[in-house]
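So my numbering is basically just the index in the sequence shown, starting at one, shifted up by 210. This report concerns only the one structure given below.
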Amino acid sequence: MVAGKKAPAPKAAKDVKGAAKTPAPAAKSAPKPTPVEVKAPAPKPAAPKPAAAPKPAAAPKAVAPKAIQKPKVQKKKTGGKKKKQVVKYVIECKNPVEDGILKTAAFEEFLKDRVKVNGKTGQLAQNGVSITSTKTAVTLTSDGDFSKRYLKYLSKKYLKKNSLRDWLRVVASSKDTYELRYFQINQDEELEGDE
211 MVAGKKAPAP
221 KAAKDVKGAA
231 KTPAPAAKSA
241 PKPTPVEVKA
251 PAPKPAAPKP
261 AAAPKPAAAP
271 KAVAPKAIQK
281 PKVQKKKTGG
291 KKKKQVVKYV
301 IECKNPVEDG
311 ILKTAAFEEF
321 LKDRVKVNGK
331 TGQLAQNGVS
341 ITSTKTAVTL
351 TSDGDFSKRY
361 LKYLSKKYLK
371 KNSLRDWLRV
381 VASSKDTYEL
391 RYFQINQDEE
401 LEGDE
């Protein structure tokens, strides 16, 4: 009898670990009248025990996402403020215009035709983007975000189209200003002549 009792005891311990095996030994101990009654209550207590264990584990996880969600909300609010700011970029063309090799009106028209907003050209007014030119500068103003780098890209494209890329370069002279400057070829020639 001692050997027979020891064998079911380890099975019972294994049954406690696995919820599915607990009803099987109960059915063997009470064959006819109790199996139907025992099967219904046995799974109910087994289900709350595993559910109770994940709840404490889930509680710390719930705390971490709340902390993460708060900064995300703040970032969205600050992002909304950035979109409302007016962005203004200036391309200064003083030297080429004075030399007569570049016309700001033609440069302005090129930008109006080529600038894409939300992936489409020709929709500048609907998206709050305006391009104007003065005698020596072209100004782009946007109500939303606009890439300064994209403006430099288009400026280089205009210079290449008009065969000016070999003579002029686009340089950022300040945070919101580009300037068209000549390459410093004269200094290189003077250095070669001295040697």
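A virtual CB, placed ideally from N, CA and C, is assigned to each residue, including glycine. Here the structure is a predicted model, which means the values were calculated and not measured.
Collapsed DSSP secondary structure at residue i in the structure displayed
i	result
ALA347	strand
ARG324	helix
ILE395	helix
SER373	coil
SER357	coil
VAL300	strand
LEU364	helix
ALA316	helix
ALA268	Here the model assigns ALA268 a pLDDT of 49, short of 50, so the residue's position is not dependable and the matter cannot be decided.
Where residue i falls, given that 16 or more other Cβ within 10 Å makes a residue buried
i	result
ALA269	With a pLDDT of 49 at ALA269, under the threshold of 50, the modelled position of that residue is not reliable, and the figure given next carries that caveat. Under this definition ALA269 is an exposed residue.
ALA272	For ALA272, the predicted structure reports a pLDDT of 49, less than 50, and the residue's modelled location is therefore unreliable. A value from the coordinates is still provided. That one is exposed.
VAL296	exposed
GLN336	exposed
PHE393	exposed
GLY332	exposed
Candidates the options, of which the one nearest residue i by Cα
i	options	result
ALA382	VAL339, SER365, VAL327	SER365
SER373	ILE301, LEU312, LYS304	LEU312
LYS298	PHE317, ILE341, ARG375	ILE341
SER357	ASP309, ARG391, VAL327	VAL327
GLY329	GLU308, TYR360, ARG391, PHE393	TYR360
LYS385	LYS362, ILE395, GLN394, ASP309	LYS362
THR387	VAL307, GLN394, THR349	THR349
8 Å CB neighbourhood of residue i in its chain, flanking five on each side removed
i	result
ALA347	VAL300, ILE301, GLU302, CYS303, LYS304, THR314
THR209	No information on residue 209 is available, as it lies outside the stretch 211 to 405 that the chain covers here.
LYS371	PHE320
LEU334	LYS322, VAL325, VAL327, SER340, ILE341
ILE395	none
VAL307	LYS313, THR314, LYS345, THR346
Close beta carbons around residue i, own chain, < 7 Å, minus the five adjacent residues each side
i	result
GLY338	SER352, ASP353, GLY354
LEU369	ARG375, LEU378
VAL380	LYS362, SER365, LYS366, TYR388, LEU390
Residues near residue i by beta carbon distance below 6 Å, same chain, minus five either side
i	result
GLU318	ILE341, SER343, VAL348
ALA316	none
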